[in-house]
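If you read the sequence shown in my numbering, its first letter stands for residue 35, the second for the next number, and so on.
Beta carbons are placed, not taken as given, at the ideal position from N, Cα and C, and that holds for glycine.
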Amino acid sequence: MVPPVLRKKRAPAPMWKYIEVTVVDGQRVLSCAAPLCTQYKGKSDNASRAKEHLLECAAARALHPDIRADVIGIPVRVGGTGAGGAGLHGSTGAEILPPLPPYVLNDWEQRFAMLIFGCGLPFSVFHSPEWRSMFLVISGGRFSGRGDPRTVGGARLDAASGEVMAHVEAAVRGADTAAVTVDGAGDVNGKSTYNVMVCLPKPLLLGSFRMGLTVSSAPNLLLSFRASLPASLLYP
Ligand SMILES: [Zn+2]
């Protein structure tokens with residue numbers, strides 16, 4: 035039997051049910067279709083941003099409780115009918131669970147900041163749809179790993195970096211020998227940054243420093259290097 039020829043034309047992605055598209059001066063302009071939504075109106079034609087918004091929009095979720103599942107392509111499980119829908123329409127078998135209580139969400143977000151910071155993951159993963167959909171599937175549609183690097187900035191990142199640094203210091207203290215290296219790199223503003231690495235032999239980032247206007251002579255580098263080390267390591 036000859037297999038049917040695959041049709042090229044695909045149905046529009048589910049997200050477009052929840053986005054209004056208008057054309058202003060020849061440009062497509064996107065808005066969240068939820069009337070009470072004030073955050074996503076008249077935005078530029080960026081499907082990923084629109085999708086990210088729909089996953090977070092409380093106004094849209096109030097109208098369509100299953101919107102997150104629909105948008106990321108998880109078949110919606112209707113009313114607790116047993117073992118999910120594995121196999122159905124290529125389903126993942128994931129089910130959509132009730133929202134997380136705020137204190138649990140807070141804990142998940144802090145762990146997420148730890149994951150990013152402690153494992154040296156690039157912040158660009160926040161913008162990856164694959165990353166977000168993976169988190170949504172394993173969390174039952176309740177957590178997308180946060181959609182923006184700013185959501186793990188500030189206090190969350192301080193707590194995460196403090197915890198990671200405590201691990202690093204403990205590892206350095208416990209080591210018999212360690213090799214320390216300093217290497218220069220440019221940051222996004224074109225300023226040079228000196229990263230201080232310690233090898234136990236497992237390499238760990240111990241700190242970093244900048245010289246600013248100071249001349250990068252050997253004595254100056256040594257002073258900045260000493261200043262960048264955790265005080266607890268300098269004065270045991
Ligand atoms: Zn919205």
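- With a beta-carbon spacing of about 11 angstroms, N229 and L238 fall beyond the 8 angstroms limit used to define contacts.
- Inclusion of A68 in the 7 angstroms shell around ligand 1 follows from its C-beta lying nearer than that to a non-hydrogen atom of the ligand.
- Here E203 is not near S251, since their CB atoms are 8 angstroms or more apart.
- Proximity of the beta carbon of H98 to ligand 1 is not indicated: no heavy atom of the ligand is located closer than 7 angstroms.
- Going by C-alpha positions, R166 is about 38 angstroms away from M245.
- Across the structure, F177 and F169 are spaced so that their CA atoms are roughly 6 angstroms apart.
- The beta-bridge partner set that DSSP reports for T215 consists of M231.
- G175 counts as buried, since no fewer than 16 other beta carbons sit within 10 angstroms of its beta carbon.
- An exposed status is given to E164, since fewer than 16 other beta-carbon atoms sit within 10 Å of its beta-carbon.
- Comparing alpha-carbon positions, the option among K225, P235, L234 and C233 lying closest to F243 turns out to be K225.
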